[in-house]
Amino acid sequence: MRLAALCCGVLLLAACAGDTHLTFLDPQGPIAHQQRWHFYWVLGVMAVLVAGPIFLLLPFFVWRYRYGNKKPRYTPKWEYSTLLEIMSWSGPIVIVIVLAVFVWRDTHKLDPYKPIASDQAPLQVQVIGYDWKWLFIYPDQGIAGVGTLALPVGRPVFLHMTSATVMQSFFIPALGSQIYAMGGMVSQLNLEASKPGKSLGENTMYNGNGFHQQKFTAVAMLPADFKAWVRKVRATGLPLNAQNLKVLAQRSTRADLIAALPGARSMAGNVYFTSASKSLFPAVVKATMDGTPTLPESAFEHRHTATQSGDAADAATGKPR
Amino acid sequence: MSEQAIKHPGLNLGPAHGKDDEAAGTVMFGFWVFLMSDAILFAMVFATYVTSLHATAGGPGPRDLYDIKSVFIETMLLLASSFTFGMASLALKYKHRKARLIGWMVVTLVLGVAFLGFELHDFSSMFVKGGVPSRSGFLSAFFDLVPLHGLHVTAGGIWLICLVGQIVRYGLDTKTKLGIMRLALFWHFLDIVWIAIFSVVYLAGLT
Amino acid sequence: MNIVDPPLGRLQWSSLPFWDMLQHPTKGNIINGLIATGAASLVVIGAIALVVLLTKYKLWRPLWSNWLTSPDHKKIGIMYVVIALVMLARALIEAVLMRGQQAFGLGGGFLSPEHFAQLFSTHGTIMIFFMAMPFLTGVINYVMPMQIGARDVSFPVLNSISLGLTAAGAALVMVSLVIGKFSTGGWFGYPPYTEANFSPGVGPDYWIWALSLAGLGSTLTGINFAVTIYKERAPGMQWMRMPLFTWTALCTAIIMIFAMPPLTVATAQLALDRYLGFHYFTNALGGNMMNFANLFWLFGHPEVYILILPAFGVYSETISTFSGKALFGYRSLVMATMAIALLSFTVWLHHFFTMGQNANINAVFGIASMLIGIPTGVKIYDWMWTMFRGRVRFTVPMVYALGFIVLFVLGGMSGILLANPTIDYQVHNTVFLVAHFHNVAVPGVLFGMLSAYHFWFPKAFGFRLNERWGMISALCWIFGFVGAFFPLYALGIMGLPRRTVAYTEARYVPLEWMAFLGALLILVALLALLWQLWLSIRDRADNRVFVGDPWAGRSLEWANSAPPPEYNFAVIPQIESRDAFTAAKEQGRAYLRPDTYVDIELPKNSAMGPAIAAISFALAFGLVWHIWWLVILCFLAAIASMIIRGFARDTRRIVSAQQVRQEHHRWIDAVDQATAISRADECTSVNVGLARQEADGVVP
Amino acid sequence: MSEQAHNMESQTKAAQEERKEFRSYAWGIGLALLLTVVPFGLVQWMAMPRVTLLIIIGAFALVQMLVHFRFFLHIGFRQKREDLQLILFSTVLLIIMVAGTIWIMASLATRMALPGSP
Ligand code: HEA
Ligand code: HEA
Ligand code: CUA
Ligand SMILES: [Cu+2]
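Chains as they are written, first to last, in this note's numbering: chain W, 1 to 321; chain L, 322 to 528; chain Y, 529 to 1228; chain X, 1229 to 1346.
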C-alpha cells in the first residue's frame, strides 16, 4: 500500500513536470476532472475496506501461527464458524453495493455520448482515423488539420469519429474518455477544456508499424486565440481536395505525410487544410462501408464557398445538429 | 412393476442388455456434454445471423433468395428421418433381427441424403440469383449457419455408414451398440437445430 | 484455388527469417534479422539435438511406447507440463526482450516495430494458450483422477488426442519462428486489422489455426474432465467430500466446454473472411468487426477464469496442508468457485466498454464484473481463516501462496478499478491494463502452477525438490514481479498505450527502467528454478519419498506410492469423509494389506494421439501456406483415422492380480520400514514420505 | 415359477414396453408435424401483422423443441439429476450469451449509424 502511495506520488510529480498534460490525474477539463474524483473515491474505498484489513491481518496470522511458535492454540479440525462465514460474505457484498452505486451514477453521468451542459453550443469536430494519423475536420469553419486539435477553452466540443482503415481508439487522457473509431460507423465523444494548455492525444488501438507515432496535441486556447488560429489555418492551409486526400489516406506516419506534401513543411509538424467540405466525413463513412476506394466528386468543395460558410459559422457560435 | 430410472438421455437399453447398459451411462453422458457444447456453437452462429440480418449491403435479402417450399420438404424429410432412427433404436433395444435394424438405418440414411440433395439444390439456386457468401455480411452469416448444419448431417451420414459396417463386421457388441445410441442422440439433436433454422431463418425471414 | 500448382503454395525462400536481412542489409534489418534468425536457429537446433539424442541413446522406442502412445493420465499430465515449459521458455525470452526494448525505447530502441508486434502477439498467445492452459491441464490430469480415487479419466484415448491437438498447435507457433512470420495483431487478433487486405501475410493464419487446434483440444479436455468427475468417483466420494482442487477442476472443465465455442466461431469466421472472401468482420459490404470483439470476449473472459480457478484449487490444497489444518469454510469455497464459474459468463463486455454502447449496458456489465469480487474475496478470507489457529510452515509452495494472496488482492483491486467504465475510459488499452492482467496472471496463475510444481513434484517423480534454491527463486519471483509490473500502473495512468514499441516522452524513462530491472530479476528467478531442478535431480538419492506422503497430505493422491503405480490404487478406496487420506491415517487404515487382489483392466496404448497430432499439424500447416493437396490429404487422413479407430476392438489389457499384489506389498513393506517424521523435519533427508500425525490442540 | 413361464412373462413385458415406446415416437412425429405445418401455413397463406406472426413462430418452435426433447431424446423428470442439470445450465448460458449479444449489438447499431441515414 505504501508502495502504491509512493507510486502515486512519483507519478503526480512526473506528470506535472512536462509541458504536455499526460493524464486525467492532472485534468484539463470537467470530464477528466470528474473521472479523477471517481478514481480516487473507488481507490480510497478499496484501500480502506479491502486492502487495509487483509494487509493487517495476513502478516499477523502468518507470524503468530507459524510452525515454530508453540504458544497459540492449534485447532486442526476447526473448519466452520457461522459468524465468520457471514462476515466473509457480507463484507464484499457491502463493498460491491457501495461501488455499484458509484458505477451506476457516474457511468450515466459521464457517458461520452452525452452532451456537456453549457450555455454555448458545442464546437463540431469530425475525426477520421487514418493509418497512422488523425484528420480533424471543423465542418463549420471549413478547415481541417493533422497533428493538432485546437479547442476553444470553456466551450464544449462535440466530436464525431470514424475510421478509414482498421479499428482505432481516440484518446486525450487529460480531457476525457477514449472511444473507438471504426470503419463505416460513427461514434461520438463530448469533451471540454477548462484552461489553456497542451494535452497528449493518441490512438491506443494497435494498427501496425506506425502505431506508436499516431500522436497529436490537443491545444486548448482562449476563444480569441482560437479564432486567430482558424484564420491562420485558412490563410496557410493546403486545399483538402481529392489529390491531397489520397496522399493523406496512404499508410504513412505524420512525418511521411509532411514529406509527401511539400506545402506542409512550414506548418511546424502539422498539416493544415482549407476548403474542407461538410460532406467529406459522411462520404468517407459511406465509402468505407461500401468498400469503394475513391470518394465521389461531391465530397469536395470549392474554395470560395467554403470560406464563406466558414466565416458565417465563425460569427455565430455554431448551432447544434 | 415400477418403471426403471432413466440413466442417460436418449433411448435407454435397459437391464436386459446387461453390461452394455452399464457401460452406456458414462459414454452417453460424455456425448451429451459434447452436444451441449455444440449447441453453444450453433447458438453463437445464430446470434451472428440475427445481428447480420440488415447487413445486406444492397445485395439480395431473404425474400429474394429463400424457396420456402423446398425448405418445407427438407423439414419433412428430416422429421421423418428422426422417426425412422427412432425405429432403428427400438429395433436395437428389443433385439429384433439385425436386418430390421440395418433396414431402418438405411432408410434414415436415404432420407438424410435426400435432405442434403434438396439443400444443395437450394444453395445452387441462391447462387444463381447472386446470393453468394462473399456478397454481403448477411449472406456470409447465412452460409455459416445453414451449411454448418448440413455438414453435421453429412458427418452423421458417414458415421451411419461406418456403424452399419461395424454391425456387419462385429455384430452388435458393446461398442457398436453405444455407437448407434450416440448417433441417435446426434441425429435427434440436429433435428432440433433444424427446427430453429426453419423457424428463425426461413419462416421469420419471410414474414 | 489451385491445388496442384505451385506445389508448395505460398511458401518461398523469402519466408525464411534471414531473407530480409540479406536482401536489404540495413542496420535495423540486420539486428532484427539476427534476433529472428537466432530464435529460429534455436528452434531448429533444439529439434535436431533432440532427434540426435533420442537416436544416440536408442530412446525412440521407449518414448513411443512409454509416453507418446500412453493413455495413462499421469503421463499425459506430465507431457502437458513439458509442452508448457518449452513454450514458456520462448514466451519468457520474448517478455524480457520487450521490456528491454521499452527501456531503450525513447525515440527508437533496437527492435523494429514489426518485430515488436510479433513479440507481443506470440508472447500473449503462447502464455495464454500454450503455457497456462497446458500447464493447468497437465496438473489437473495428473492430480484430479487420484483425488477422486479413480484409475484414470473416463476417456483415456481422447485424453491423448487432446494432448496431440495442443501439441500440434504449439508446434505450429514454433514453426512460425522459422518459416514465415506470426501475426502482429495481438493475442486477440482484432479484425479488420487481421483481415486479408490489411494483413495479407501468413501471420494471422498461423494464429487462427494454432488457436483452433488448441481450442478443440481444450473443449475435448473439458468434456473429459467433467465426465470423469461426474462418473468416476470412488464409492463414498460424494460431491461435498471432493477436495477443493477437484472442484476447481470441475468448474474449469465446465467453462472450457461452454466458452470455447464462441472462440471457434470467431476464428472460423475470420478464416472464411481471409480464405474465401466472406464479410463477417470487414469494413465493407455489411461486415461488422464489433461482432468479433463480442465473440472473442465471450470466450476471452471466461478463459481467464479457466486459468485462475485451478490455481485457486492449488492454493486451497497447499494452504490447508502447510497450515496443518482442515480447509476453513469448505462449503463457502465450493459455492464461491461455482459462483465464479457462472459469473464469468456475464461480464465479457468489460473488455470493450469504449466501443460505444449505451450507459445502461456499460453499467450493468461493470457491476456484474464487480460481483466477481465477492466470491473471490470469500476465498481470500477463508484461506486466511485456514491459517488462523493453524501451524503454518514456510515451505516453497506456501511462500508462493502467501505472495499470491498479497499480490493478487492488489491485482484484483486493479480489476475492480477497470470494471468502472468511468475509469476504464481512461486506462483501457494502456499499460495500466497490462499491469492488471499480469498482476493476476503471474501471482495468480503462474505462482499457482509453481506452487503446484513444488507440491506435487515429489509425488510424480519420487523425490523432493531442493528447498533452498526453491526459496531463492520464489523470493526473486515475488520481488521481481513487483519491480516489473507496478511501474506499469503508473505508466498507464500517464497515458502510455500498450503495444508501444517506442515513445518520445522522456517522463516515461525512469519507470520503464524500473520495469526492466524487475524483469531481469524474474529472469534470475527462472535461472534459480532451473538450477534447483538440476541440483534436485543430482541429489535425488537423498531426497527419495517412495512412501508417498512427504507433506502430511490430506487427499487421496497422497495415499499411494511416489511415483504411483499406473493403476493408481491397488484397491479402490472407500471414502467416508472429507480429507479422506487424513481420516484414513487417523483411523489407522491408510496402509493396510487387503486380503484379496483382483485383476485390473486398463486401456491399451493407442497411436491415435500422435497420429492426430501429426495429421492436424500438417493440415494446419497446409492451410497456412495454401498447400491445398496437403490440406485435402490430411483432411481425408483425419477422417480415415477416426473411422479406423471406430473399427478397433480389443482395446483393453489386464494387469494381473498377482502383479498388483506384488507391487502393493513392495510399497507397504517400505512403509513398514520407514520412520514417521514430524513436520519440523519435512525438508530434510529423513523425510521418506511417512508423516507423523500431529494431534488436536497438542503441540509436541 | 418355471423357467419357461418366467421367460414368457419377461417377453410379454418387453413387448408391452416396446409398444409404449413406439407410441412415444409416434406421438413425437405426429406433434412435430403438426407444429411445423401450422406456422408454415400461417406464413404461407395468412395475412397477419408481422409481430404476431413472429411470436407465433417462436412459440411453436419452442414447443416443438420440447416435443423433441421429450419424445425423441427421452428427457423427462425421471431423468438422472445430472442430465437435467446440464441441460438447464446450458440453456441458461445459451440465453445469457445470445440475449447479451443481441442487446449489445442492437445498442451499437443504433448509436453507430451515420447521422441522417436509416
Ligand atoms: C499467463 C499469462 C502471462 C504471463 C505469465 C506473462 C508473463 C510476463 N509478461 Fe506478458 N502478456 C500476456 C500474458 C502473460 N504474460 C498477454 C496475454 C499479453 C498481451 C499480448 C497482447 O498485447 O496481445 C502480454 C503482454 C506483455 C507485454 C507487452 C506489453 C505491451 O503491450 O506493451 C510485456 C512487456 O513487457 C509482457 C511482459 C511479461 C513479463 C516480463 C512476464 C514475466 O512475468 C514472465 C516471467 C516468466 C517466467 C520467468 C517463467 C516462469 C517459469 C516457470 C513457470 C517455470 C517452471 C520451471 C520449471 C518447472 C523448471 N507481457
Ligand atoms: C487470470 C487472469 C485474470 C483474472 C483472475 C482477472 C480478474 C479480474 N479482472 Fe481482468 N483481465 C485479464 C485477466 C484476469 N483478470 C486479462 C488477461 C485482461 C486483458 C486482456 C487484454 O486486453 O489483452 C483483463 C482485463 C480486464 C478488464 C478489461 C480492461 C480493459 O480492457 O480496458 C477488466 C475490466 O473490468 C478486468 C476486470 C477484472 C476483475 C473485476 C477481476 C476480478 O475477478 C478480480 C477479483 C478479485 C478481487 C477483487 C480481489 C480479492 C477480493 C477481496 C479481497 C474482497 C473484497 C473486494 C471487493 C468486494 C472489491 N480485467
Ligand atoms: Cu472479459 Cu471480460
Ligand atoms: Cu476480463
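Note that beta-carbon positions come from the ideal geometry of N, C-alpha and C, so glycine has one too. The model shown is predicted, which means the values in this text are computed figures rather than measured ones.
| task | Please confirm whether any heavy atom of ligand 4 lies closer than 8 angstroms to the CB of Y/Gly-894. | result | no
| task | Please report how far the alpha carbon of W/Leu-295 lies from the alpha carbon of W/Thr-165, in whole angstroms. | result | 14 angstroms
| Just the Cα atoms here: how many angstroms apart are Y/Gln-1221 and Y/Ala-787? | 43 angstroms
| Span of the alpha helix (DSSP H), counted from its first residue to its last, around Y/Gln-629 | 601–631
| Span separating the alpha-carbon of Y/Gly-729 from that of Y/Val-701 | 15 angstroms
| At a cut-off of 8 angstroms, is Y/Phe-658 close to ligand 2 when judged by its beta-carbon and the heavy atoms of the ligand? | no
| said: Along the chain, where does the alpha helix (DSSP H) containing L/Gly-477 start, and where does it finish? | reply: 458–491
| task | For the region 719–800 of chain Y, list the alpha helix (DSSP H) runs that are entirely contained and at least 4 residues long, ordered along the chain. | result | 731–759
| Going along chain Y, which residues have a C-beta under 8 angstroms from X/Ile-1330? | Correct list: empty, because the minimum Cβ distance to chain Y is about 10 angstroms.
| For Y/Ile-1196 and Y/Leu-1120, the rounded distance between their alpha carbons | 8 angstroms
| query | If you run the structure through DSSP and keep just helix, strand and coil, what is W/Ala-121? | reply | coil
| query | Helix, strand or coil: which one does DSSP assign to Y/Trp-825? | reply | helix
| query | Mind checking whether the beta-carbon of W/Asn-323 lies closer than 8 angstroms to any heavy atom of ligand 2? | reply | Nothing can be reported for residue 323 of chain W, as the shown portion of chain W is limited to 1 through 321.
| query | Say the cut is 8 angstroms; is the CB of Y/Thr-780 nearer than that to a heavy atom of ligand 2? | reply | no
| Is the shortest distance between the beta-carbon of X/Pro-1267 and the beta-carbons of chain L less than 9 angstroms? | yes
| said: Could you tell me the alpha carbon to alpha carbon distance between Y/Val-681 and Y/Gly-750, rounded to whole angstroms? | reply: 11 angstroms
| said: So that I know if they touch, is there some Cβ in chain Y lying closer than 9 angstroms to that of X/Leu-1290? | reply: no
| query | Hey, how far is the Cα of Y/Ser-1064 from the Cα of Y/Phe-657? | reply | 29 angstroms
| Simplified DSSP state of Y/Ser-1144, which is helix, strand or coil | helix
| task | Throw me the rounded Cβ distance for the W/Val-186 and X/Pro-1267 pair, which I believe falls under 8 angstroms. | result | Actually they do not touch by this definition, with Cβ atoms about 39 angstroms apart.
| query | What do you reckon, are the CB atoms on W/Pro-112 and W/Gln-188 nearer than 9 angstroms? | reply | yes
| query | Is Y/Leu-945 closer than 9 angstroms to W/Leu-49 when the C-beta atoms are compared? | reply | no
| query | Do three or more CB pairs link the region 450–457 of chain L to the region 499–517 of chain L at distances below 8 angstroms? | reply | no
| task | May I ask you to check if the CB of Y/Pro-477 is nearer than 8 angstroms to at least one heavy atom of ligand 2? | result | Within the shown structure, residues of chain Y are numbered from 529 to 1228, placing residue 477 of chain Y beyond reach of any answer.
| field | Y/Val-875: CB within 8 angstroms of a non-hydrogen atom of ligand 4 | value | yes
| field | Contact check, Y/Gly-764 vs Y/Gly-697, beta carbons under 9 angstroms | value | no
| message | Nearest by alpha-carbon distance to Y/Val-1099: which of Y/Ala-896, Y/Arg-679, Y/Tyr-858, Y/Leu-791 is it? | response | Y/Arg-679
| Of the residues Y/Gln-797, Y/Val-924, Y/Val-968, which one's Cα is nearest the Cα of Y/Val-937? | Y/Val-968
| Per DSSP, cross-strand counterpart(s) of Y/Arg-1180 | Y/Pro-1131
| query | Looking at the structure shown, is W/Asn-207 part of a helix, part of a strand, or coil, going by DSSP? | reply | coil
| message | Would you say Y/Pro-535 lies against chain W (beta-carbon separation less than 9 angstroms)? | response | no
| query | Taking just the CA atoms, how far does Y/Ala-781 sit from Y/Trp-1079? | reply | 28 angstroms
| At least three beta-carbon pairs within less than 8 angstroms, the region 22–41 of chain W to the region 193–204 of chain W | yes
| Given that W/Leu-22 touches chain Y, what residues does it touch there, using C-beta distances under 8 angstroms? | Met-1022, Gly-1023, Glu-1033, Arg-1035
| message | Quick check: what's the CA-CA separation for Y/Ile-506 versus X/Ile-1332? | response | The shown model of chain Y, from 529 to 1228, leaves out residue 506 of chain Y, and the question about it has no answer.
| said: Please list, in chain order, the chain X residues whose beta carbon lies closer than 8 angstroms to that of W/Val-125. | reply: Residues of chain X passing the Cβ test: none, with the nearest at roughly 14 angstroms.
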